[in-house]
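Residue numbers (my numbering): 2 to 417.
(1) According to DSSP, which residues form a beta bridge with residue 380?
(2) Which class does residue 31 belong to by DSSP, given the choice of helix, strand or coil?
(3) Only counting the same chain, and skipping five residues up and downstream in sequence, which positions put a Cβ closer than 8 angstroms to that of residue 129?
(4) Give the single residue among 273, 224, 177, 325 whose Cα lies nearest to the Cα of residue 291.
(5) Starting from residue 355, trace the alpha helix (DSSP H) both ways and give me its first and last residue.
(6) Examine the Cβ distances between the region 353–363 and the region 394–408 and report whether three or more of them are shorter than 8 angstroms.
(7) Distance, Cα to Cα, residue 118 vs residue 78?
(8) According to DSSP, simplified to helix, strand and coil, what is residue 91?
(9) Following the continuous alpha helix (DSSP H) through residue 137, name the residue where it begins and the one where it ends.
(10) I'd like the span of the alpha helix (DSSP H) that includes residue 237, first residue to last.
(11) Among residues of its own chain, excluding the 5 on either side of residue 247, which ones have a beta-carbon nearer than 6 angstroms to its beta-carbon?
(12) Look at the alpha carbon of residue 149 and the alpha carbon of residue 114, and state the distance between them as a whole number of angstroms.
(13) Please report the straight-line C-alpha distance between residue 240 and residue 310, rounded to a whole angstrom.
(14) For residue 263, which residues in the same chain have their Cβ closer than 8 angstroms to its Cβ, ignoring the five residues on either side in sequence?
(15) Considering Cα atoms alone, identify which of 357, 168, 328 is closest to residue 341.
(16) Taking the straight line between their C-alpha atoms, what separation do you get for residue 192 and residue 408?
(17) Flag this pair as yes or no: are the beta carbons of residue 230 and residue 188 separated by less than 8 angstroms?
(18) If we ignore side chains and look at the alpha-carbon of each, how far apart do residue 266 and residue 272 end up?
(19) What residue does the alpha helix (DSSP H) around residue 414 start on, and which one ends it?
(20) Give me the Cβ distance between residue 76 and residue 39, rounded to the nearest whole Å; I'm assuming they're in contact under 8 angstroms.
(21) When the distance is taken between beta carbons, is residue 59 closer than 8 angstroms to residue 91?
(22) I'd like to check one pair, residue 161 with residue 127: are the Cβ atoms closer than 8 angstroms?
(23) Our contact map puts residue 224 next to residue 249 with C-beta atoms below 8 angstroms; I'd like the distance itself, whole angstroms only.
(24) Is the Cβ of residue 153 closer than 8 angstroms to any Cβ of chain C?
(25) In whole angstroms, give me the CA-to-CA distance for residue 157 and residue 164.
(26) In its own chain, which residues sit with a C-beta less than 6 angstroms from the C-beta of residue 252, not counting the 5 before and 5 after it?
(27) Apply the 10 Å Cβ neighbour rule to residue 18 and answer buried if 16 or more other Cβ atoms are within range, or exposed otherwise.
(28) What are the boundary residues of the alpha helix (DSSP H) that includes residue 263?
(29) Hey, quick one: how far does the alpha helix (DSSP H) through residue 118 stretch, first residue to last?
(30) What three-state label does DSSP hand residue 206 in the structure shown?
(31) Determine the DSSP secondary structure at residue 183, reduced to helix, strand or coil.
(32) Do you know whose CA, among 331, 394, 393, 343, lies nearest residue 366's CA?
(33) Compute the distance between the beta-carbons of residue 379 and residue 338, then report whether it is under 8 angstroms.
(34) Go through its chain and collect everything with a Cβ distance to residue 183's Cβ below 7 angstroms, but skip five positions before and after it.
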């Protein structure tokens, strides 16, 4: 145990030396009767896996998972399953696109099947669904979901069932089938109500709930879910906490409250998660506040990876663009009672036909009063006037008087 403690103490100062010590501990010969050595190797494997993940050594971690199988034959099935699942989860949580993820997961599943470790097989298959999803193989993901769900319902493993239902919701959402995604998420939440859910898994549930509420344009509820997800991920130091914070900022922008973005980023939260992802959302919020479409387009070009490669942000970028374009046009035409469409197009730096089409849409949506004189290419703006309620009140009075007359007529008939 002294060697293990020494390795743990020098991880920050000399990670390479710490890895050598961990290797020497895990490679020593161990017998099934020596509980102390088994415990030492188990702790060394866990620490070594985390250290390799921190150093982004995906291939070395994959080789470690394969190399420990002789040791797994010595320990109990439950302990072996725990070690394999922990190391595989550490490997997959790295997010490294090495191409080893699916082959390694399939290999571990085959090994678990050959060892007749049913629970471990199903736990690994649950992770395999997410790998197929992130790899774009949605058909294979849904086929795996259907097969694993049948087995889990027989075994009554509720936590794993909830994970598979959550994965199913994510796959359907990516495919654009929001009703099925919501149905799968509802099933996952129902299952979660009857069991203890670890913080990381609960955060994943909240994140998916926020994403689906965002799809339905209910950004207030989505913000609440993203906040819960952020706090959960932050409590376990998970990298998805950054995504939760980004989506919180996105909700504030979509709600038309860009000023709240800066207030959310004040203090420890902003310092801890500062980076290009957060800078991108701040720049989008700034464009929204200034109602400037050119700043928006510049931000999209500058932060292309952070914005367009995030599917959740990408889904809302078009709506955000339309909303910003509308605000920008309104800002430009506000000082005028009569303005040439060509001048508006030149000011906003967009093609004439796009500007004309958007202006007609704004007028039809009654965002402002005006008409398009297409013959002369001019927009005529009217002062907004409050609607006259006189006729409405008059009709209400006539309706009520009619009812009074009807009642009086019925009473007169009874008297006669």
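Using N, Cα and C, we set each Cβ at its ideal position, and we do this for glycine too.
In short:
(1) 340, 373.
(2) Residue 31 sits in coil when the DSSP states are folded into three classes, being neither helix nor strand.
(3) For residue 129, the CB contacts under 8 angstroms within the same chain, skipping 5 residues up- and downstream, are 103, 106, 107, 110, 145 in chain order.
(4) Out of 273, 224, 177, 325, the CA that lies nearest to the CA of residue 291 is found in 325.
(5) Run containing residue 355: 353–365, per the alpha helix (DSSP H) assignment.
(6) They do not touch, by the three-pair rule.
(7) Cα-Cα distance, rounded: 7 angstroms.
(8) When secondary structure is reduced to three states using DSSP, residue 91 falls in the helix class.
(9) That residue, residue 137, is in no alpha helix (DSSP H); it is neither H nor E in DSSP.
(10) Unbroken run through residue 237: none, as it is neither H nor E.
(11) If we look at residue 247 and ignore the five residues flanking it on each side, its Cβ neighbours are 278, 282.
(12) Between residue 149 and residue 114, the C-alpha separation is close to 14 angstroms.
(13) If I take the Cα positions, the gap works out to 17 angstroms.
(14) Here the set comprises 283, 286.
(15) Per the C-alpha coordinates, the member of 357, 168, 328 positioned closest to residue 341 is 357.
(16) The alpha-carbon atoms of residue 192 and residue 408 are separated by roughly 59 angstroms.
(17) No, the pair does not count as a contact, with Cβ atoms beyond the cut-off.
(18) Take the alpha-carbon of residue 266 and the one of residue 272: they are about 8 angstroms apart.
(19) Residue 414 -> alpha helix (DSSP H) spans 391–416.
(20) About 6 angstroms; that satisfies the 8 angstroms criterion.
(21) Contact: no.
(22) Closer than 8 angstroms, so yes.
(23) With a Cβ gap of about 6 angstroms, residue 224 and residue 249 count as contacting.
(24) Protein chains in the displayed structure number just one, and chain C is not present.
(25) Taking the Cα positions, residue 157 is about 13 angstroms away from residue 164.
(26) Excluding sequence neighbours, residue 252 sits near 220, 223, 224.
(27) Its Cβ having fewer than 16 others within 10 Å, residue 18 is exposed.
(28) Per DSSP, residue 263 belongs to the alpha helix (DSSP H) from 260–265.
(29) In the DSSP assignment, residue 118 falls outside any alpha helix (DSSP H) and carries neither an H nor an E.
(30) Taken through DSSP and simplified to helix, strand or coil, residue 206 comes out as helix.
(31) For residue 183, the secondary structure class from DSSP, reduced to helix, strand or coil, is helix.
(32) The option with the nearest alpha carbon to residue 366 is 331.
(33) No.
(34) Taken in chain order, the residues that qualify are 213.
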